[in-house]
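Structure record follows, encoded as structure tokens.
Numbering (our numbering), first residue to last: -18 to 878.
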């Protein structure tokens, strides 16, 4: 039988239950709260709110550094630490916060002042919710808070710090679930950022959790007019309506006999859309409906007339007014003006929220897949800095390092992955084949093992590079089914077969290295080294014979003119150096610029003047007044450190009036920047097809002069210090024009220096631009990187100059897509009048045009052995220009007579 419980025991149980209930209630009320103390050595509780805080160490262990704050965080005076992330533009660090789909959330980050941020005293960085940028933090500001509201579309929301200048930092981060009816203006199309939230009748201290169950922070009034009066009624309650504001906020108010005015200035001029929330509770129980009425103005415009706090219903004493607002000058002025013979206006609290259009971010399937790829790679490379920085949205506001993205509908899709030279280990990431929009994949120069990937037939893949790894097996037949594949490089994998499926061997437009390891790359296959050593003596005899033959050939060419030079000849081929060092020559000193100097010179990259494969080009002015073009590598560029280093080494050794000189460079904070003189007349391409062409026609003599200048620049490269330097990407957009219309060849990222003629070397992959590439490079199973490449490309440029037609025109029938084939079809039947640019049809001498045509035909011969040297081309163009000048002078003489 159960013993009876005495009264003392019963009272004890009741008291214990009561205290347990007090302890449990805050924990239940905090359900869904995420509260992170950055760099905290352990979890803890804020005594002022009783909110439980967790450390972020498990999220960012060994990432960034921790630092004590000299001035406390404004919302959390008991916490004095902050996390500082790695500096540099392009870095993105994100906290992944767990959410419930379709639930509204408040997110708040606190960023203290008083950190030792090195020399970057004007550090600033952006904040984003997922893919939507909502604000900026500057180290020169006082301690700041970025708070906003967003509706979850997934089981997580990313809160991201986006590096711009200096080191991003954060002290604490809070996620709070909201009732979906709290801000009905919030939906999937927008994100709302808090500008101001004020309890206008309160001067004693902020009100937040537990009074506000969503933990909104209601600040005190900062300034009052002389005539305004604070009123308070702590016994008042809300009647007849569900207030979205805590009763503790509504129990105080501000009133005035004539008007109340609230001014919010220093607003962001780049975003002019705002929501204004005004909260009213009549605190005088004796006031009746119609006795307190006032007009509401926003920036001088009446938005509501005869507003009555008690007009919301017969027994309601609470009302809320919401207004859309915009500003042109960064100021919002909200004024409540009393109506005559009525009591003056009253206001208890207000909020101002900035409206941001929500970005949809990366296609969800792509985002999910690349997360899988990241996890696969990190499993074998846990300390890799690039992979550890992969957080937040993969594409927006800017892509992860190594990713390239393109817009697709209102989202973004991952179209390229470049993780070359990242010292990655393990198997190739299998999930990467699931990226539906992937076009270019570069995993070269790593330590990947295992077999090659197999892509589905639906893949959009156009280029794959897996050179210099430790792969085994062979290229499978599945690659023959990839309809868009045009580039495939897989050399320098020691245990990998270089056999290709017949479906790829028969593909005419495929560029490949056929599995052959390139001498001069970052590594060389061991078996090739052995082969070179064993065959060294044989090659010695072959080289000697080649030198004798080539010397005789050069003497023949020196005696002949272009027509003689077009007879069949065995031209010298040009190979890359077997050493990674491109030059052992005396170099010109190239100065370095600091990132701060670059940003100052370009006014923080204000004026964009061009785009290229390497990145964007901006106009700038150096401190000495010299105008410059600043080329900044973009995060999505397929070109990188190799092209950057190549251009530095090359341009530190060459100088010529027809080559664009390098004034300096910057390699700081993960930025690769090249600085050149500004070419005020743009490029030849601009004058043939761009806006400049619409404004002013490029005269035929000027075109000839540009062609001759370009040819002279190539001759200098091809005969430089007894060696050949092959430009590798000659095209009209790489021919720049200074203020005197003098042609200067630019962009040496693909250039190569080669040994003297007769030396042997190995094959290189095809590079260049479609329409300009020597067809012999990709039609043969092996090819040599030689001056012939530049000669062919220059021939295409000559035809551009002559015809005003671009190298490729897919609007034409397939057989005449190519400018070369199109022009030849008319030249063979002597109908040059049908191909000459209509803009110059009445301004040229026919004889000079024919001479240029002959040069162009010789340069674009299908077989490189029939093509002339650039020295011969220069002589022919000099003759053509002289003929044109003489014809012009004769015409002037006839006119004057």
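Here a beta-carbon is modelled for each residue, glycine too, at the ideal position from N, C-alpha and C. Owing to the predicted nature of the structure, the values given are computational and were not obtained by experimental measurement.
Check your understanding: Relative to the C-alpha of residue 304, which residue among 190, 292 and 313 is closest?
Key -> Stepping through the chain shown from its first residue, residue 304 is reached at position 323. Ranking 190, 292 and 313 by Cα distance to residue 304 puts 313 first.
**Study point:** For residue 736, the three-state DSSP class (helix, strand or coil)
**Key:** What you label residue 736 is simply residue 755 of the chain shown in a count that begins at 1. With a pLDDT of 40 at residue 736, under the threshold of 50, the modelled position of that residue is not reliable, and no figure is offered here.
Practice item. Entirely within the segment 220 to 252 and at least 4 residues each: give me those alpha helix (DSSP H) ranges in chain order. Key: 228 to 231
Check your understanding: Roughly how many angstroms separate the alpha carbons of residue 744 and residue 494, rounded to a whole number?
Key -> Your numbering for residue 744 matches position 763 in the chain shown. Your numbering for residue 494 matches position 513 in the chain shown. Residue placement at residue 744 is poorly supported in this model, since its pLDDT is 38, which falls under 50; the coordinates are not used for a value here.
Point to revise | Exposure of residue 553, with buried meaning 16 or more beta-carbon neighbours within 10 Å | key: Along the chain shown, one-based indexing puts residue 553 at 572. Residue placement at residue 553 is poorly supported in this model, since its pLDDT is 32, which falls under 50; the coordinates are not used for a value here.
Review point. Residue 105: which of 826, 87, 77 and 67 sits nearest, CA to CA?
Key: Start at 1 with the first residue of the chain shown, and residue 105 comes out as number 124. Closest by alpha carbon: 67.
Practice item. Tell me residue 697's beta-bridge partners as DSSP assigns them. Key: Working through the chain shown from its first residue, we reach residue 697 at position 716. Per DSSP, none; premise fails for residue 697.
Practice item. Would you list the one or two residues that DSSP bridges to residue 283? Key: Position 302 of the chain shown, counted from the start, is the residue given in the question as residue 283. Checking the DSSP bridge columns, you'll see residue 283 partnered with 278.
**Study point:** Candidates 223, 228, 139 and 588, of which the one nearest residue 216 by Cα
**Key:** The residue you call residue 216 lines up with position 235 of the chain shown. Of 223, 228, 139 and 588, the residue nearest in Cα terms is 228.
**Study point:** Beta bridge counterpart(s) of residue 648 as assigned by DSSP
**Key:** Here residue 648 refers to the residue found at position 667 when the chain shown is read from its first residue. In the DSSP assignment, residue 648 forms a beta bridge with 653.
Practice item. Could you name the residues of the same chain whose beta carbon sits closer than 7 Å to that of residue 836, not counting the 5 residues immediately before and after it, in chain order? Key: Reading the chain shown from its first residue, position 855 is the one you call residue 836. Once the five neighbours on either side are set aside, the close Cβ partners of residue 836 are 543, 779, 854, 857 and 858.
Exercise for review: Would you tell me roughly how many angstroms separate the C-alpha atoms of residue 412 and residue 114, rounded to the nearest one?
Suggested key: Counted from its first residue, the chain shown places residue 412 at position 431. Counted from its first residue, the chain shown places residue 114 at position 133. For residue 412 and residue 114, the distance between alpha carbons rounds to 29 Å.
Review point. Would residue 283 pass as a contact of residue 276 if the rule is Cβ separation under 7 Å?
Key: Working through the chain shown from its first residue, we reach residue 283 at position 302. Working through the chain shown from its first residue, we reach residue 276 at position 295. A contact, by the Cβ cut-off of 7 Å.
Exercise for review: Classify residue 496 as buried or exposed, calling it buried when 16 or more other Cβ atoms lie within 10 Å of its own Cβ.
Suggested key: Here residue 496 is taken as the residue at index 515 of the chain shown, counted from 1. Looking at its Cβ environment, which holds 16 or more other Cβ atoms inside 10 Å, residue 496 is buried.
Check your understanding: Would DSSP call residue 586 helix, strand or coil?
Key -> Along the chain shown, read from residue 1 onward, the residue named residue 586 stands at position 605. Coil at residue 586, not helix or strand.
Review point. Whose CA, out of 361, 605 and 571, lies closest to the CA of residue 626?
Key: Taking the chain shown and counting its residues from 1, one reaches residue 626 at position 645. For the residues 361, 605 and 571, the minimum Cα distance to residue 626 belongs to 571.
**Study point:** Helix, strand or coil at residue 864 according to DSSP, with G and I counted as helix
**Key:** On the chain shown, position 883 is the one that residue 864 refers to. Reduced to three states, the DSSP call for residue 864 is helix.
Exercise for review: Identify whether residue 382 lies in helix, strand or coil by the three-state DSSP scheme.
Suggested key: To locate residue 382, count along the chain shown from 1; it is residue 401. It is coil, neither helix nor strand.
**Study point:** Straight-line gap, residue 168 to residue 139 (C-alpha atoms, nearest Å)
**Key:** Residue 168 sits at position 187 when you count from the first residue of the chain shown. Residue 139 sits at position 158 when you count from the first residue of the chain shown. Going from the Cα of residue 168 to the Cα of residue 139 covers about 17 Å.
Review point. Does the distance from the C-beta atom of residue 726 to that of residue 694 stay below 7 Å?
Key: Start at 1 with the first residue of the chain shown, and residue 726 comes out as number 745. Start at 1 with the first residue of the chain shown, and residue 694 comes out as number 713. Yes; because the gap between Cβ atoms is below 7 Å, this pair is in contact.
Review point. For the alpha helix (DSSP H) that residue 840 lies in, which residues bound it at each end?
Key: In the chain shown, the residue the question calls residue 840 occupies position 859. 827 to 840 is the span of the alpha helix (DSSP H), which, as asked, contains residue 840.
Check your understanding: Per the contact definition of three or more C-beta pairs closer than 8 Å, is the segment 351 to 368 in contact with the segment 267 to 275?
Key -> no
Check your understanding: Leaving out the 5 sequence neighbours to the left and right, which residues in its chain are closer than 8 Å to residue 457 when beta-carbon positions are compared?
Key -> Start at 1 with the first residue of the chain shown, and residue 457 comes out as number 476. Cβ within range, chain order: 433, 435 and 482.
**Study point:** Beta-carbon gap between residue 260 and residue 226 smaller than 7 Å
**Key:** Sequence index remark: in the chain shown, residue 260 carries index 279 (1-based). Sequence index remark: in the chain shown, residue 226 carries index 245 (1-based). Cβ atoms of residue 260 and residue 226: closer than 7 Å.
Review point. Mapping DSSP to helix, strand and coil, what is residue 202?
Key: Counted from its first residue, the chain shown places residue 202 at position 221. Residue 202 falls in the coil class under three-state DSSP.
Exercise for review: For the alpha helix (DSSP H) containing residue 668, list its first residue and its last residue.
Suggested key: As a position in the chain shown, residue 668 is number 687, starting the count at 1. From DSSP, the alpha helix (DSSP H) with residue 668 extends over 665 to 670.
Review point. Within 10 angstroms of its Cβ, does residue 245 collect 16 or more other Cβ (buried), or is it exposed?
Key: In the chain shown, the residue the question calls residue 245 occupies position 264. Flag for residue 245 reads buried.
Exercise for review: Can you grab the Cα-Cα spacing for the pair residue 63 / residue 89, in whole Å?
Suggested key: Reading the chain shown from its first residue, position 82 is the one you call residue 63. Reading the chain shown from its first residue, position 108 is the one you call residue 89. Taking the straight line joining both Cα atoms gives about 15 Å.
Check your understanding: On the three-pair Cβ rule with 8 Å, is the segment 336 to 356 touching the segment 386 to 395?
Key -> yes
Practice item. Whole angstroms is fine: what's the gap from residue 148's alpha carbon to residue 35's? Key: By one-based count along the chain shown, residue 148 stands at place 167. By one-based count along the chain shown, residue 35 stands at place 54. Roughly 23 Å between the two C-alpha positions.
Check your understanding: What is the C-beta distance between residue 405 and residue 379, in whole angstroms, given that I count them as a contact (C-beta under 8 Å)?
Key -> Within the chain shown, the letter at position 424 stands for residue 405. Within the chain shown, the letter at position 398 stands for residue 379. Rounded, the Cβ-Cβ distance is 22 Å, inconsistent with contact.
**Study point:** 8 Å contact criterion, which residue 829 and residue 804 should meet: CB distance rounded
**Key:** As a working note, residue 829 is residue 848 in the chain shown. As a working note, residue 804 is residue 823 in the chain shown. So it is not a contact: roughly 17 Å between Cβ atoms.
Check your understanding: Expressed to the nearest angstrom, what Euclidean distance is found between the alpha-carbon atoms of residue 110 and residue 136?
Key -> Counting from one through the chain shown, the residue named residue 110 turns up at place 129. Counting from one through the chain shown, the residue named residue 136 turns up at place 155. Those two C-alpha atoms are separated by around 14 Å.
Check your understanding: residue 862 and residue 685 look like a contact to me (Cβ under 8 Å); what is the Cβ gap, rounded to whole Å?
Key -> As a working note, residue 862 is residue 881 in the chain shown. As a working note, residue 685 is residue 704 in the chain shown. Yes, residue 862 and residue 685 are in contact; Cβ-Cβ is about 5 Å, under 8 Å.
Point to revise | Distance, residue 194 Cα to residue 372 Cα | key: By one-based count along the chain shown, residue 372 stands at place 391. By one-based count along the chain shown, residue 194 stands at place 213. Using only the alpha carbons, I get a separation of about 31 Å.
Check your understanding: From residue 189 to residue 31, what does the alpha carbon distance come to, in whole angstroms?
Key -> In the chain shown, the residue the question calls residue 189 occupies position 208. In the chain shown, the residue the question calls residue 31 occupies position 50. Approximately 11 Å, taken between the alpha carbons.
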